[in-house]
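Asker: Before I ask anything, let me first share the structure, which is written out below as structure tokens.
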Amino acid sequence: TFTDANSVGGKNPYTIYELSVSSSITASWIVFKRFRDFVTLNTQLFSRIASDPALKKRGFRLPEMPKKKKFGSMKASVVAKRQRELEIYTRTLVQNSSLRRVELLLDFLNV
């Protein structure tokens, strides 16, 4: 679950997304991610799916990533919309029984 989004200003402003991660066997914990962390994960998972015969055979396709905005990306409405879209993206990944065991995703969520 995404619990917050905090914008960091300066010369190169960005947003940090706060995710509350939980497991059926442990207490929940918080991880902090930037949009580019999600982009990196998506790229790595795409490569992994393409090179893993078992994942490829199942025909799984990655959910669509939110689009990157060049201008206005720090507006509260844009941040809130992207946060919702990233939550849908992340939930889709962890709900897939094959992907939720992939080390890339586990590392991303600090499992």
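When we follow my numbering, the leftmost residue of the sequence shown carries the number 79, and every step to the right adds one. Ideal Cβ placement from N, Cα and C applies to all residues, glycine included.
#1: So what's residue 142 in DSSP terms, helix, strand or just coil?
#2: Give the DSSP-derived three-state secondary structure of residue 187 in the structure shown.
#3: Are the stretch 116–135 and the stretch 164–180 touching, with three or more C-beta to C-beta distances below 8 Å?
#4: Within 10 Å of its beta-carbon, does residue 124 have 16 or more other beta-carbons around it, so buried, or fewer, so exposed?
#5: Tell me whether residue 93 sits in a helix, a strand or coil according to DSSP, three-state version.
#6: Taking the alpha carbon of residue 112 as the point to measure from, which residue in 120, 92 and 102 has its own alpha carbon closest?
#7: For residue 183, does the count of other Cβ atoms within 10 angstroms reach 16, so buried, or fall short, so exposed?
#8: Does DSSP classify residue 136 as helix, strand or coil?
#9: Exposed or buried, residue 108, counting other C-beta atoms within 10 Å across all chains shown (16 or more means buried)?
#10: Write down the C-beta distance between residue 161 and residue 80 rounded to the nearest angstrom, noting that I regard them as a contact closer than 8 Å.
#11: Look at residue 83 and residue 157 and say whether their C-beta atoms are less than 7 Å apart.
Answerer: Reading from the atomic positions:
#1: What you label residue 142 is simply residue 64 of the sequence shown in a count that begins at 1. Of the three classes helix, strand and coil, the one that applies to residue 142 here is coil, per DSSP.
#2: Counting from one through the sequence shown, the residue named residue 187 turns up at place 109. Residue 187: coil per DSSP, three-state reduction.
#3: yes
#4: One-based indexing of the sequence shown puts residue 124 at position 46. Its Cβ having fewer than 16 others within 10 Å, residue 124 is exposed.
#5: On the sequence shown, residue 93 is found 15 positions in, with the first residue counted as 1. Residue 93: strand per DSSP, three-state reduction.
#6: As a first step, residue 112 must be located in the sequence shown, where it is residue number 34. For residue 112, the nearest C-alpha among the options comes from 92.
#7: What you label residue 183 is simply residue 105 of the sequence shown in a count that begins at 1. Under this definition residue 183 is a buried residue.
#8: Numbered from its first residue, the sequence shown carries residue 136 at position 58. In the structure shown, residue 136 sits in coil (DSSP, three-state: anything other than H, G, I, E or B).
#9: Residue mapping note: residue 108 aligns to position 30 of the sequence shown, counting from 1. Label assigned to residue 108: exposed.
#10: The sequence position of residue 161 within the sequence shown is 83, counting from 1. The sequence position of residue 80 within the sequence shown is 2, counting from 1. Rounded, the Cβ-Cβ distance is 5 Å, consistent with contact.
#11: Your numbering for residue 83 matches position 5 in the sequence shown. Your numbering for residue 157 matches position 79 in the sequence shown. Going by C-beta atoms, residue 83 is nearer than 7 Å to residue 157.
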